[in-house]
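Undergrad: If you count by my numbering, then the sequence shown holds residues 42 to 163, one letter each, in order. The structure's right below; bear with me while I get my questions together.
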Amino acid sequence: MSEMPPLRSSYSRKLAFALAIAMGTSAFADPVLSEVMPANRSTLKDETGAYSDWIELYNPDSTAFNLNGWYLTDSTTNKTAWQFPAVSLPAKGYLVVFASGTSRRDPANPLHTSFRLDSNGE
42 MSEMPPLRSS
52 YSRKLAFALA
62 IAMGTSAFAD
72 PVLSEVMPAN
82 RSTLKDETGA
92 YSDWIELYNP
102 DSTAFNLNGW
112 YLTDSTTNKT
122 AWQFPAVSLP
132 AKGYLVVFAS
142 GTSRRDPANP
152 LHTSFRLDSN
162 GE
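Right under this line is the structure:
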């Protein structure tokens, strides 16, 4: 991913809850929400050539992390809005999930949430 400064708005704080743990705690470090890009107009194109909003996850652990059973959400009331498929987040690696509203969950292709991000916060 490019070296962009983290989003410093209240929006990123409001999305801090975006990863909901479906299972109990583990001995490994949990992935973190490392960057959020609402209203993407020129930063990163998805596989269709569109500038979809996106969310970047980072795995701080030295072991790959399977995201199966984890969720992304933009809602405080629906914490299971979009479920990850059985996809692995590499050790010390990143994963971009496009927030395009198209819900694509094939782990062999770019992932897309069922929701879009609101640049004014949610």
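Beta carbons are placed, not taken as given, at the ideal position from N, Cα and C, and that holds for glycine. A quick note: this is a predicted structure, and the numbers were derived from the prediction, not measured.
How big is the Cα-Cα spacing for S114 and T84?
TA: By 1-based counting over the sequence shown, the position of residue 114 is 73. By 1-based counting over the sequence shown, the position of residue 84 is 43. Note on identity: in this sequence residue 114 is Thr, with Ser being the wrong assignment. About 22 Å.
Undergrad: Taking buried to mean at least 16 other C-beta atoms within 10 Å of its own C-beta, is M42 buried or exposed?
TA: Taking the first residue of the sequence shown as position 1, residue 42 is located at position 1. For M42, the predicted model reports a pLDDT of 43, less than 50, meaning its position is unreliable; a value from the coordinates is still stated below. When all chains shown are included, M42 counts as exposed.
Undergrad: Check this for me: beta carbons of P72 and L130, under 7 Å apart or not?
TA: For this step, residue 72 is matched to residue 31 along the sequence shown. For this step, residue 130 is matched to residue 89 along the sequence shown. Yes, they are a contact pair.
Undergrad: I need the DSSP call for S141, collapsed to helix, strand or coil.
TA: By one-based count along the sequence shown, residue 141 stands at place 100. In the structure shown, S141 sits in a strand (DSSP, three-state: E or B).
Undergrad: For a test of the three-state rule: what should DSSP assign to V128, helix, strand or coil?
TA: Taking the first residue of the sequence shown as 1, we reach residue 128 at position 87. Reduced to three states, the DSSP call for V128 is coil.
Undergrad: Tell me the rounded alpha-carbon separation between G30 and E88.
TA: Here the chain comprises residues numbered 42 to 163, so residue 30 is not present and cannot be evaluated.
Undergrad: Nearest CA to the CA of A122: which residue from F156, R146, V138 and D102?
TA: On the sequence shown, position 81 is the one that residue 122 refers to. Selected option, being the one with the closest Cα: F156.
Undergrad: Can you give me the C-alpha to C-alpha distance between S93 and K86, rounded to a whole angstrom?
TA: Residue mapping note: residue 93 aligns to position 52 of the sequence shown, counting from 1. Residue mapping note: residue 86 aligns to position 45 of the sequence shown, counting from 1. Straight-line Cα distance between these residues: approximately 7 Å.
Undergrad: What's the C-alpha gap between A105 and Y135?
TA: Reading the sequence shown from its first residue, position 64 is the one you call residue 105. Reading the sequence shown from its first residue, position 94 is the one you call residue 135. One C-alpha to the other measures close to 11 Å.
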